[in-house]
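Structure first, commentary second.
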Amino acid sequence: MEPLDLESLNPSVVPDPHDPAQRVYAREMGYPKTAAQVVVNHVSAMAKQEYDAKRNCVILEPGSSLLSVLRALLRRNDQVILTDPTSQTLTASVKAANARPVLVPLIFRPGQTWAVDCQGFKDSITENTKAMLLQSPCTPSGAVFSEKDWEYIAEQCVESNLLLIFETSFDTVIYNFSRSMWTHPASFKGMADRTLIIGTGSGFLDNRLQKFEYVVGSQVFISKIRSVVWSKPDRYTYCEVASFRLSRGDLIATARQRRNMILYALRGLPIGIPAGGWSLLLRVSEFGLTAKEAAWRLAEQGVTVTPMDDWGNLQGKYFVRLVFAHQPVEKLALLRPRVINASRL
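Taking UniProt numbering, the leading residue of the sequence shown gets 1, the next gets one more, and so forth.
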């Protein structure tokens, strides 16, 4: 039985950094540019706000941006609201900053996209709440915040004087994506000065592809972050924002094909349809299994998945994550009988 890896997150379609066709975005922004300039051009276009490369952006080493932001802006025992389920990395970063994660469950609708419980966000706000840390699309569910969702979140942030940290790893990895249907939280009234955008990119320097992360926000917040971290030297001969690159070309087209195939393979089973991102969740509690039991049974069928026990308080323990971006369509087409066999053992 051929192994089927639905655990690895990195997609198998990788653009060639040496190919001029992959430099389209850098050229559009006035090739060559510094990473900070390309970043603020991208974020300004998405958020419909004007950001300055020197005042409103800091370039950081990969893996350091979120924790740097949290440590710079939060105090011990401050509460931070996230979704449930959410990325293990996000909750771990909040805890590492000596703050307290508060998880608001997303609404699971079998065979449909996930829904956002706006009232749940409001009910979770206390006098100790200082920030919301959100993604859209969300990891690992693939849920996407609608314009109405963001409008409600913005109202709560303004009313309660909260910081919104928008982690944008997959911000344009949205299926059926169009600019008109996509909404950025910083575009709402009162949110530009209280929204920090965290994302990733890459730069080309000395024949090497250099990865970096960025933080974009108000000058007040960026100054605080710069005071506690070392920024990464910004000397790229060309650079691009990863999320923008993913919204076009072969990578997103391939991911869409793979998503459609895994949805077909798992038709009729209790899955949440991802509106974006690389993965979906299967609710295994309906088979009488825990997440770990289901992962073990699927491993016996040659399928590796990730149990979601530590990815949420309410939702996590009932689900396993299947990453479809890594596998070709031909392999995903063989998934259904293995899942059925694992659920019946």
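Backbone N, C-alpha and C fix where the C-beta goes; we use that ideal spot for every residue, glycine too.
Taking Cβ positions, are residue 131 and residue 163 nearer each other than 9 Å?
-> Taking the first residue of the sequence shown as 1, we reach residue 131 at position 131. Taking the first residue of the sequence shown as 1, we reach residue 163 at position 163. It is a contact, given that the beta carbons lie within the stated cut-off.
With DSSP as the reference, label residue 228 as helix, strand or coil.
-> Here residue 228 corresponds to residue number 228 of the sequence shown, with the count starting at 1. Of the three classes helix, strand and coil, the one that applies to residue 228 here is coil, per DSSP.
Entirely within the UniProt domain "Aminotransferase class I/classII large" (49 to 200) and at least 4 residues each: give me those alpha helix (DSSP H) ranges in chain order.
-> 65 to 73, 88 to 96, 118 to 124, 147 to 160
Residues near residue 335 by beta carbon distance below 6 Å, same chain, minus five either side | Walking along the sequence shown from the start, residue 335 turns up at place 335. Taken in chain order, the residues that qualify are 265.
At least 3 beta-carbon pairs within less than 8 Å: the region 265 to 276 vs the region 142 to 155 | yes
DSSP on residue 319, reduced to helix/strand/coil?
-> Walking along the sequence shown from the start, residue 319 turns up at place 319. Strand.
Helix, strand or coil: which one does DSSP assign to residue 2?
-> To locate residue 2, count along the sequence shown from 1; it is residue 2. It is coil, neither helix nor strand.
Whole angstroms is fine: what's the gap from residue 95's alpha carbon to residue 54's?
-> Indexing the sequence shown from 1 puts residue 95 at position 95. Indexing the sequence shown from 1 puts residue 54 at position 54. Those two C-alpha atoms are separated by around 30 Å.
Are the region 52 to 70 and the region 216 to 232 touching, with three or more C-beta to C-beta distances below 8 Å?
-> yes
DSSP on residue 341, reduced to helix/strand/coil?
-> Counting from one through the sequence shown, the residue named residue 341 turns up at place 341. Residue state, collapsed to three classes: helix.
Taking only the alpha-carbon atoms, compute the straight-line gap between residue 150 and residue 343 and give it to the nearest angstrom.
-> Taking the first residue of the sequence shown as position 1, residue 150 is located at position 150. Taking the first residue of the sequence shown as position 1, residue 343 is located at position 343. For residue 150 and residue 343, the distance between alpha carbons rounds to 37 Å.
C-alpha distance - residue 285 paired with residue 316, whole-angstrom precision = Taking the sequence shown and counting its residues from 1, the one referred to as residue 285 is at position 285. Taking the sequence shown and counting its residues from 1, the one referred to as residue 316 is at position 316. Going from the Cα of residue 285 to the Cα of residue 316 covers about 11 Å.
Rounded Cβ spacing between residue 190 and residue 215 (contact assumed at less than 8 Å) = On the sequence shown, residue 190 is found 190 positions in, with the first residue counted as 1. On the sequence shown, residue 215 is found 215 positions in, with the first residue counted as 1. At roughly 20 Å, the Cβ-Cβ gap does not stay under 8 Å, so residue 190 and residue 215 are not in contact.
Same chain only: Cβ atoms within 7 Å of residue 24, ignoring 5 sequence neighbours per side | Position 24 of the sequence shown, counted from the start, is the residue given in the question as residue 24. The predicted position of residue 24 is uncertain, since its pLDDT is 45 and thus under 50; no value can be drawn from it.
Burial state of residue 337 (16 or more Cβ within 10 Å) | In the sequence shown, residue 337 corresponds to position 337, counting from 1. Burial call: exposed.
Where residue 303 and residue 168 are concerned, what is the direct C-alpha to C-alpha distance, given to the nearest angstrom?
-> Stepping through the sequence shown from its first residue, residue 303 is reached at position 303. Stepping through the sequence shown from its first residue, residue 168 is reached at position 168. So the two alpha carbons sit approximately 29 Å from each other.
C-beta atoms of residue 128 and residue 176 nearer than 9 Å = Stepping through the sequence shown from its first residue, residue 128 is reached at position 128. Stepping through the sequence shown from its first residue, residue 176 is reached at position 176. Cβ atoms of residue 128 and residue 176: not closer than 9 Å.
With a Cβ-Cβ cutoff of 9 Å, do residue 261 and residue 325 count as a contact?
-> Residue 261 sits at position 261 when you count from the first residue of the sequence shown. Residue 325 sits at position 325 when you count from the first residue of the sequence shown. In this structure, residue 325 does not lie closer than 9 Å to residue 261 by Cβ.
Best match in 280, 254, 47 for proximity to residue 263 [C-alpha to C-alpha] | As a working note, residue 263 is residue 263 in the sequence shown. When only C-alpha atoms are compared, the closest one is 280.
Residue 281, enclosing alpha helix (DSSP H) - first and last residue = Along the sequence shown, read from residue 1 onward, the residue named residue 281 stands at position 281. First-last for residue 281: 279 to 283, but that is the beta strand (DSSP E), not the alpha helix (DSSP H).
Buried/exposed call for residue 126, threshold 16 Cβ in 10 Å | Locating residue 126 in the sequence shown gives position 126, counting from the first residue. Result: exposed.
Work out the CA separation of residue 193 and residue 290 for me, nearest whole Å.
-> Looking up residue 290 in the sequence shown gives position 290. Looking up residue 193 in the sequence shown gives position 193. Using only the alpha carbons, I get a separation of about 43 Å.
Where the alpha helix (DSSP H) through residue 9 begins and ends | Locating residue 9 in the sequence shown gives position 9, counting from the first residue. Premise fails: residue 9 is in no alpha helix (DSSP H) and is neither H nor E.
DSSP-derived helix/strand/coil call for residue 215 = The count along the sequence shown starts at 1 and reaches residue 215 at position 215. In the structure shown, residue 215 sits in a strand (DSSP, three-state: E or B).
Tell me, which residues are paired with residue 307 by DSSP?
-> Taking the first residue of the sequence shown as 1, we reach residue 307 at position 307. Answer by DSSP bridge pairing, in chain order: 320.
Within the same chain, show all residues whose beta-carbon is closer than 8 Å to that of residue 117, passing over the 5 residues directly before and after it, in chain order.
-> Here residue 117 refers to the residue found at position 117 when the sequence shown is read from its first residue. Once the five neighbours on either side are set aside, the close Cβ partners of residue 117 are 104, 105, 106, 107.
Below 7 Å CB to CB, which residues in the same chain sit around residue 152 once its five sequence neighbours on both sides are set aside?
-> Working through the sequence shown from its first residue, we reach residue 152 at position 152. Excluding sequence neighbours, residue 152 sits near 118.
By a C-beta neighbour count over all protein chains shown, 10 Å radius and 16 as the cutoff for buried, is residue 45 buried or exposed?
-> One-based indexing of the sequence shown puts residue 45 at position 45. Label assigned to residue 45: exposed.
Going by beta carbon distance, what residues of the same chain come within less than 7 Å of residue 346, once the five residues before and after it are set aside?
-> Residue coverage of the chain in this structure runs from 1 to 345, which leaves residue 346 outside it and unanswerable.
Taking buried to mean at least 16 other C-beta atoms within 10 Å of its own C-beta, is residue 308 buried or exposed?
-> In the sequence shown, residue 308 corresponds to position 308, counting from 1. That one is buried.
Which stretch, first to last residue, makes up the alpha helix (DSSP H) that contains residue 297?
-> Reading the sequence shown from its first residue, position 297 is the one you call residue 297. Residue 297 -> alpha helix (DSSP H) spans 291 to 300.
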